[in-house]
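So the structure is just underneath, and the comments pick up after that.
2 protein chains.
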Amino acid sequence: MDKLSTSETLTLERRNSPFSISIMDLFVNGKDWVNKRNFAHDFVTRESETFGMRDVYFMDREQILEKLFKQEKRLSQLVQNGELTHEDVLAITYIQDFSGPFRLHTSAFIPTLEKQANDAQKIAFLEPARNYRIIGCYAQTEIGHGSNVRGLETTATFIPETDEFEINSPTITSSKWWIGSLGIAATHACVMAQLIVNGKKYGIFPLVVPIRSLHDHKPLPGVHVGDIGPKMGFNAVDNGFVNFDHVRVPRFNLLQRYINVDRDGTVTRPQNIDPRVTYSSMVFLRVGIVNSMGKELAKAVTIAARYAAVRRQFGDSNDANSNQETQILNYPIVQYRLIPLIAKTYAMLAMSHEFYKQYQICKDEMEGGDFSKLKEIHAVSCGLKKWCTDTTIYGVDTCRHLCGGHGFSEFSGLNSSFSNLYPNIIWEGDNFVLAQQTARYILKSAHSFLESVANGSNIRSPNGNDPTNDVFNRYPNNFDSVKFYPWTQKSSSEIASNPTILIELLAYRFSSIAFDLTDRHYSK
Amino acid sequence: MDKLSTSETLTLERRNSPFSISIMDLFVNGKDWVNKRNFAHDFVTRESETFGMRDVYFMDREQILEKLFKQEKRLSQLVQNGELTHEDVLAITYIQDFSGPFRLHTSAFIPTLEKQANDAQKIAFLEPARNYRIIGCYAQTEIGHGSNVRGLETTATFIPETDEFEINSPTITSSKWWIGSLGIAATHACVMAQLIVNGKKYGIFPLVVPIRSLHDHKPLPGVHVGDIGPKMGFNAVDNGFVNFDHVRVPRFNLLQRYINVDRDGTVTRPQNIDPRVTYSSMVFLRVGIVNSMGKELAKAVTIAARYAAVRRQFGDSNDANSNQETQILNYPIVQYRLIPLIAKTYAMLAMSHEFYKQYQICKDEMEGGDFSKLKEIHAVSCGLKKWCTDTTIYGVDTCRHLCGGHGFSEFSGLNSSFSNLYPNIIWEGDNFVLAQQTARYILKSAHSFLESVANGSNIRSPNGNDPTNDVFNRYPNNFDSVKFYPWTQKSSSEIASNPTILIELLAYRFSSIAFDLTDRHYSK
Ligand SMILES: Cc1cc2nc3c(=O)[nH]c(=O)nc-3n(C[C@H](O)[C@H](O)[C@H](O)COP(=O)(O)OP(=O)(O)OC[C@H]3O[C@@H](n4cnc5c(N)ncnc54)[C@H](O)[C@@H]3O)c2cc1C
Ligand SMILES: Cc1cc2nc3c(=O)[nH]c(=O)nc-3n(C[C@H](O)[C@H](O)[C@H](O)COP(=O)(O)OP(=O)(O)OC[C@H]3O[C@@H](n4cnc5c(N)ncnc54)[C@H](O)[C@@H]3O)c2cc1C
Chain A
1 MDKLSTSETL TLERRNSPFS ISIMDLFVNG KDWVNKRNFA HDFVTRESET FGMRDVYFMD
61 REQILEKLFK QEKRLSQLVQ NGELTHEDVL AITYIQDFSG PFRLHTSAFI PTLEKQANDA
121 QKIAFLEPAR NYRIIGCYAQ TEIGHGSNVR GLETTATFIP ETDEFEINSP TITSSKWWIG
181 SLGIAATHAC VMAQLIVNGK KYGIFPLVVP IRSLHDHKPL PGVHVGDIGP KMGFNAVDNG
241 FVNFDHVRVP RFNLLQRYIN VDRDGTVTRP QNIDPRVTYS SMVFLRVGIV NSMGKELAKA
301 VTIAARYAAV RRQFGDSNDA NSNQETQILN YPIVQYRLIP LIAKTYAMLA MSHEFYKQYQ
361 ICKDEMEGGD FSKLKEIHAV SCGLKKWCTD TTIYGVDTCR HLCGGHGFSE FSGLNSSFSN
421 LYPNIIWEGD NFVLAQQTAR YILKSAHSFL ESVANGSNIR SPNGNDPTND VFNRYPNNFD
481 SVKFYPWTQK SSSEIASNPT ILIELLAYRF SSIAFDLTDR HYSK
Chain B
1 MDKLSTSETL TLERRNSPFS ISIMDLFVNG KDWVNKRNFA HDFVTRESET FGMRDVYFMD
61 REQILEKLFK QEKRLSQLVQ NGELTHEDVL AITYIQDFSG PFRLHTSAFI PTLEKQANDA
121 QKIAFLEPAR NYRIIGCYAQ TEIGHGSNVR GLETTATFIP ETDEFEINSP TITSSKWWIG
181 SLGIAATHAC VMAQLIVNGK KYGIFPLVVP IRSLHDHKPL PGVHVGDIGP KMGFNAVDNG
241 FVNFDHVRVP RFNLLQRYIN VDRDGTVTRP QNIDPRVTYS SMVFLRVGIV NSMGKELAKA
301 VTIAARYAAV RRQFGDSNDA NSNQETQILN YPIVQYRLIP LIAKTYAMLA MSHEFYKQYQ
361 ICKDEMEGGD FSKLKEIHAV SCGLKKWCTD TTIYGVDTCR HLCGGHGFSE FSGLNSSFSN
421 LYPNIIWEGD NFVLAQQTAR YILKSAHSFL ESVANGSNIR SPNGNDPTND VFNRYPNNFD
481 SVKFYPWTQK SSSEIASNPT ILIELLAYRF SSIAFDLTDR HYSK
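Protein sequence lines correspond, in order, to chains A and B. For the first sequence, my numbering begins at 1 and goes up steadily by one. For the second sequence, my numbering begins at 1 and goes up steadily by one.
Okay, here's the thing in structure tokens:
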């Protein structure tokens, strides 16, 4: 037998698949996304001179930034001409897989304005932002405070004499740091600051603060701004620092959807807005992360599976007809590393659709004033954000190691993927901080379930608004007295092939671990 | 109470230490190394214009290479003047912590010549290499073969007519790839090739092959050589590729310590050399890796512990006198991540001294012709290489994540550490391949122990040459019948505080798992 070429090997492997890849694609990704993705792919291929990324490997940072600025410019022009929609741009950005200096403008500055600006502010800030006449960033984190947002030290003090706010960050620890799009690109920042009116502190609120001149892009007076320097990844994003030396902005610049300061310094909060909506926008950001992780892991397992199929190493003692070495995919120790990751990819993709649906329902209900699902969605979003980002990032690492030396080359695509995804375990709630929040929610729920059972007041949640409580009801803390469970007297293969029973088992496991921990925690 | 400054916090923390740091330093590292390290530190500080590394963060690859070439040049001059010894240079390189384009010249080309060249070859190649008149690399891996060294395709064919070897690598898969110091620096390569004499294949042997002209550094005829491009880390090392189009070298260039080809093509292997010594040089390289890992992890846990001590986040509800936030080091979830790593660092450092001693004994015995310890040392070196590199590399990652956002900055030092250490899980035996070797050794040993017990022939190893067999003898496969173990009727705190019992427990665990696996494996 002649040796098989790489493409012959791949053809054979693909022929082994018992399902149609394109039907699976539609099933997993949905027709809309498949169309969008194909459209984006065609666009990038057609405009490959601007959008082709083959040459970035050998470019320095400045060259890459220049290339990305050109891409952004082209896209914004096409949007303004009406040739592309905003969704088209997102799809193109997605398949480009390369964050640039406008990333936070699009992903944080604009969404914050959409959510927190009033109508006049939308005209003043959102419209020019959408037309790239101003470029913004989201400036929350300071050197001294990341996870503990309440500890932020930058102040915004109302100055009645001039009807302005004065932004001040006099210390090193109060300097904004890590702010994407700020280092080079931003003309404006949405600054999270301690609001002080008439000597009273009102908490952290967002203000739009001009950073650089719209004429010559020089920092404005009192603004000390720059790039924070080289990072593990994400180097085409210009994370920056800024501190403010008594910088004044008009009172108008405080985003007014959730708070209002009058000309005379009266502070009001709109009545028809529940303060919990702020909380819900954190959930929104995490839903976005959770949604993207499955697609990211899918890229990595595709690279690794393909490589493991064509890479041959050591002799094939099982196949006398072959004069070729064994495909490494056939080694158990390779399968052990790769195949569970492929399964997790599918699980993550499927879950993300369902979770997004749940989130939409919760959001719609909140708009009608019903916040009953928010707590649960929040706890789940914390847990999923941690699990999905950990699984994806360390999954990408497993794929990289699987490729041996070639995984270490930038050309594998797995190194930039690992480094650029990495901050997802840090931002929008550090994973360890989030894990504690989910754990706390579960313990509290289990504890109050037990208490309500003890005093006879427990009921199952009426509209499925408290699925955690429902699980506790299904598997209450009476495991010793139950004689028959859905899996009782079933063989392990019967159980393994029955999804309903598997879910029941998971619920049982969840409940029993939760009660066990609750017991230990509250008896301390 | 006033807020503590960073240095005040650190002073307080350090005061908490119940032992003297400098005595611990001497105990862990030994006086020789402490002196060498301090010497190196002074040297680098004194010559900071050349050796200071503060500015590398903002340099591009070319600038870094230039800087490193300057350092190498200065060091080589000082060695040639007799102002520095080879050991001094190693210490300086160690604290510089930055591999450059001469790394493989020093760490692979020279050692290979020391071990495998005969006296005439030492004069021809080793002396000019030591004086930097030629720069070499170690060219083993090819595109098609890494782990499977026997599969290498580059050939070295004896040409009787001209008394030469012809080096040939006609295909993509036979191209050498990944070769450090080859991309830019090397003038010579130690090429591992299939030796063919009179049509007969003799296996893989090393030949010295000139790569670039000593006059203008241009590639020599028939040599196609270059840099393999950007990598996850290690970018100041010029990993390169080369393929050979019928390149001729004198017969003399085959390294002759372990093989000899006569003028007339007669192949002989020296009688007083056991072929297993080749095998022992793989062990040597792994011993080196194992030895360095503890020191590398020590750097990372030092950075993380220090940062966790000075980083404060969220309120301190336990301390009413404090107006400061809690040091993150005080959070259990931070301790849970960091403290076991500190313990592992100490364990690794201590182990590495002991393991090196064992290796030296084994080596000395081999020089006297006694190879009885080699098998065990080989299996242990595989297992330790895997464990130490995994623990260190993912430990560095844990330290990085512990530092929150600031871990993601290059200035944390943890990203370059992670990326540069990473190839240790790939080279000198991929970790998964090595794990299988250790596992195989243990299963084989357990199996033959059981067989020898069954036929009454088992004895404990006479000079401690087979410690694995000794452990099996101590805890043979009779667990059901034993009534009394050293830990029987002891409390867990008695056991935990008694190192002798802990080691016995480990031996018990090792033995029982090994027999269990053996049983399952051989009964298949
Ligand atoms: C690439 C990148 C881009 C970013 N872009 C932006 C941006 O555009 N705008 C912006 O505002 N910010 C941005 N950030 C900042 C990011 O939001 C913060 O890094 C993040 O909030 C974590 O805060 P920190 O870095 O201060 O870590 P810290 O909060 O100091 O955490 C350090 C460590 O302490 C632990 N810890 C903290 N609190 C607790 C606790 N209560 N219990 C137990 N353990 C605890 C954490 O687990 C972590 O290991 C970015 C960060 C990165 C890395
Ligand atoms: C930074 C760097 C520097 C290097 N420098 C040099 C150098 O100077 N000189 C030099 O000669 N080489 C060098 N190398 C090459 C290095 O030695 C090889 O990468 C290494 O031997 C692994 O080989 P491979 O990359 O071909 O991986 P492969 O052998 O192809 O392994 C790929 C995957 O298959 C798995 N696998 C392979 N065989 C088996 C098996 N039998 N059973 C189960 N699983 C298996 C592995 O676990 C791995 O996950 C360098 C590599 C790197 C990354």
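We put the beta carbon where it would ideally sit given N, CA and C, even for glycine. None of these values were measured; they are calculated from a predicted model.
**Report entry** Cutoff 8 Å: Gly-100(A) Cβ touching any chain B Cβ
**Finding:** It does not: the Cβ of Gly-100(A) has no partner Cβ on chain B nearer than 8 Å.
Query raised in the report: Quick one, which residues of the segment 301–335 of chain A are near chain B if we go by CB-CB under 7 Å, in chain order?
Result: Gln-313, Phe-314, Glu-325 and Ile-333
Query raised in the report: The alpha helix (DSSP H) with Trp-33(B) in it runs from where to where?
Result: 31–46
Requested in this report: Compare the C-alpha of Leu-434(A) against each of Ala-379(A), Phe-58(A) and Asn-420(A) and name the closest.
Outcome: Ala-379(A)
Report task. May I ask you to list, following chain order, the residues of the segment 208–233 of chain A that have a beta carbon less than 9 Å from some beta carbon of chain B? Result -> Ile-228, Gly-229, Pro-230, Lys-231, Met-232 and Gly-233
Requested in this report: Could you give the DSSP three-state label for Asn-323(B): helix, strand or coil?
Outcome: coil
Query raised in the report: Is Thr-141(B) near ligand 2, in the sense that its beta carbon is under 7 Å from a heavy atom of that ligand?
Result: yes
Query raised in the report: Across which residues does DSSP place Ser-409(B) in a beta bridge pair?
Result: Lys-231(A)
**Report entry** Length of the line joining the Cα atoms of Ser-99(A) and Leu-75(A)
**Finding:** 14 Å
Requested in this report: Starting from His-521(A), find everything on chain B with Cβ-Cβ shorter than 8 Å and list it in chain order.
Outcome: None at all; the shortest Cβ gap to chain B is about 13 Å.
Report task. Please list, in chain order, all residues of the same chain as Val-34(A) whose beta carbon is under 8 Å from its beta carbon, the five residues on each side excluded. Result -> So the list reads Asp-25 and Leu-26, once near-sequence residues are dropped.
Requested in this report: Taking Ile-204(B) as part of the beta strand (DSSP E), name the residues at either end of that continuous run.
Outcome: Going by DSSP, Ile-204(B) is part of the beta strand (DSSP E) stretching over 200–210.
Report task. Can you give me the Cβ contacts of Ile-314(B) inside the same chain, cut-off strictly under 8 Å, excluding the 5 residues immediately before and after it? Result -> Here the sequence assigns Phe to residue 314(B), which means Ile is not the residue at that position. Taken in chain order, the residues that qualify are Glu-325 and Thr-326.
Report task. Quick one: which residues of the segment 402–420 of chain A get their C-beta closer than 7 Å to a C-beta of chain B? List them in chain order. Result -> Gly-404, Gly-405, Phe-408, Ser-409, Glu-410, Phe-411 and Asn-415
Query - Paired residues, beta bridge with Pro-101(A) - DSSP - result: Answer is none; Pro-101(A) lacks a bridge partner.
Query raised in the report: Three or more C-beta pairs closer than 8 Å, one from the segment 233–250 of chain B and one from the segment 177–190 of chain B: is that the case here?
Result: yes
Query raised in the report: Would a check of beta-carbon distances place Ser-147(A) closer than 8 Å to chain B?
Result: yes
**Report entry** Within chain A, the residues that Phe-432(B) reaches when beta carbons sit closer than 7 Å
**Finding:** Those within 7 Å of Phe-432(B) in chain A are Ile-333.
Query raised in the report: Nearest chain A C-beta to Gln-436(B) closer than 8 Å, yes or no?
Result: It does; some Cβ of chain A falls within 8 Å.
**Report entry** Ile-196(A) versus Glu-166(A): straight-line alpha-carbon distance, rounded
**Finding:** Approximately 10 Å, taken between the alpha carbons.
Query raised in the report: Can you check whether the CB of Val-310(B) is closer than 8 Å to the CB of Leu-12(B)?
Result: no
Requested in this report: Give the interface partners of Thr-141(B) over in chain A, defined as CB-CB distance under 8 Å, in chain order.
Outcome: Gly-405
Requested in this report: Could you tell me whether any non-hydrogen atom of ligand 2 is closer than 7 Å to the CB of Leu-311(A)?
Outcome: A small fix is needed here, since residue 311(A) is Arg in this sequence, not Leu. Yes.
Query raised in the report: Alpha carbon to alpha carbon, how far is Asn-458(A) from Asn-477(A)?
Result: 13 Å
Query - Sequence-distant residues of its chain with Cβ nearer than 8 Å to Thr-141(A) (five each side left out) - result: Only Lys-176, Trp-177, Trp-178 and Ile-179 meet the Cβ criterion.
Query raised in the report: Nearest to Ala-189(B) by CA position, among Asp-216(B), Phe-205(B), Leu-152(B) and Gly-136(B), is which residue?
Result: Gly-136(B)
Report task. State yes or no: is the C-beta of Tyr-113(A) within less than 8 Å of the C-beta of Tyr-138(A)? Result -> For the sequence presented, residue 113(A) should be read as Leu rather than Tyr. Between Leu-113(A) and Tyr-138(A), the C-beta gap is not smaller than 8 Å, which leaves the two residues out of contact.
Query raised in the report: For the alpha helix (DSSP H) that contains Ala-514(B), what are its first and last residues?
Result: 499–522
Requested in this report: State yes or no: is the C-beta of Trp-427(A) nearer than 7 Å to some heavy atom of ligand 1?
Outcome: yes
Query - Local Cβ density within 10 Å of Arg-212(A), reported as buried at 16 or more and exposed below that - result: buried
Query - Ranges of the beta strand (DSSP E) found wholly within the segment 237–272 of chain A, counting only runs of at least 3 - result: 240–244 and 247–250
**Report entry** chain B within 8 Å of Tyr-422(A), Cβ atoms only
**Finding:** Residue contact with chain B for Tyr-422(A): present (Cβ-Cβ distance below 8 Å to some residue of chain B).
Query raised in the report: At a cut of 8 Å, does the segment 223–232 of chain B reach the segment 403–411 of chain A through at least three beta carbon pairs?
Result: yes
Query raised in the report: Sorry if obvious, but does the Cβ on Ala-108(A) come closer than 7 Å to a heavy atom of ligand 1?
Result: yes
Query raised in the report: When Cβ atoms are compared, which residues of the segment 47–76 of chain A fall closer than 8 Å to chain B?
Result: Tyr-57, Phe-58 and Asp-60
Query - Residue of Met-351(B), Cys-362(B), Ile-339(B) and Asp-227(B) minimising C-alpha distance to Ser-281(B) - result: Cα-wise, what sits closest to Ser-281(B) is Cys-362(B).
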